[in-house]
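See structure below.
Residue numbers (this note's numbering): 31 to 284.
What follows is the structure, given as structure tokens:
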């Protein structure tokens, strides 16, 4: 297999790689992550998972060829502007994804995978992928990294996965970028009633109420018990899951 970064290739190499390789696009965000995590948490974590997944695949002689694009560091984050965020509208993010995909196809790529690190991007990303594949001769895959667990390493707390600035993300950051976590991590004050986006009044409902994010202080659950040891397990499990997903996508579309 071969792995390369688009930014480091010449245009001739980009064209040649497009004949066989999967173009891999990570996307993240810049938004508040409570008082203890940096704005770029989603971007940093999706890059970490992609890095680890590609290292796993590099150990396999027959693994897929991958051309990695620079991470898109901005996402759809209007719900975090009560504190601070650099946000794209849903229409703009959809258009950006479509134009990146269109550029890749024009440059010779026929297989693309988008790997997402921010919950607010998920629906927009999936819709963009579906719409693009309807009009272009391309096979596109999309995923959010936290969903790609192998199930081999259960480090716990599925009830708060992925959450936002809570136990899961804080544990991952303590494993990947401990120097960027402001410690001691403060406990989240219990908020009653709990936010409707997190606990809808009936299963299957999606409920959004104005002002909920500001009311809960920017985090969905208490991060104070976060730990880098389970964070490392969780990161590595997601990396293995992503590696398996890339290999499966390659086998199905080669």
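Glycine is no exception: its CB is placed at the ideal position from the N, C-alpha and C atoms.
DSSP state of residue i mapped onto helix, strand, coil
i	result
residue 31	coil
residue 67	strand
residue 238	coil
residue 43	helix
residue 282	helix
residue 247	coil
residue 6	This structure leaves residue 6 out entirely; the chain is present only between 31 and 284.
residue 37	helix
residue 200	helix
residue 188	helix
residue 178	coil
residue 259	helix
residue 270	helix
residue 152	helix
residue 76	helix
residue 140	coil
residue 158	helix
residue 195	coil
residue 135	helix
residue 277	helix
Neighbourhood of residue i by C-beta distance below 6 Å, restricted to the same chain and skipping five residues each side
i	result
residue 168	135 and 140
residue 47	97
residue 95	31, 32, 50 and 51
residue 130	none
residue 218	249 and 252
residue 35	98
residue 159	170 and 172
residue 278	none
residue 90	none
Beta-ladder partner(s) of residue i, from DSSP
i	result
residue 145	56 and 173
residue 61	115
Residues near residue i by beta carbon distance below 8 Å, same chain, minus five either side
i	result
residue 115	59, 60, 61, 62, 69, 107 and 108
residue 215	66, 200, 253, 254 and 256
residue 242	225, 226 and 227
residue 190	196, 197, 198, 250 and 251
residue 163	169 and 170
residue 258	201, 204, 205 and 208
residue 176	191, 192, 198 and 268
residue 149	174, 192 and 194
residue 88	31 and 33
Cut-off 7 Å between Cβ atoms - residues of its own chain near residue i, not counting five sequence neighbours on either side
i	result
residue 246	221 and 225
residue 207	74
residue 104	59, 60, 116 and 118
residue 83	269, 272, 273 and 276
residue 43	none
residue 113	62 and 248
residue 37	100
residue 280	52 and 94
residue 41	none
residue 187	197 and 198
At least 3 beta-carbon pairs within less than 8 Å: the stretch 67-78 vs the stretch 41-59: yes
Any alpha helix (DSSP H) of 4 or more consecutive residues that is wholly inside the stretch 203-228: none
Quick check: the stretch 241-255 against the stretch 169-176, are at least 3 beta-carbon pairs closer than 8 Å? no
Count the C-beta pairs between the stretch 221-232 and the stretch 31-48 that are closer than 8 Å, then say yes if the count reaches three, no if not. no
Which residue spans inside the stretch 78-129 form an unbroken beta strand (DSSP E) run of at least 3? 96-98
Quick check: the stretch 261-277 against the stretch 127-134, are at least 3 beta-carbon pairs closer than 8 Å? no
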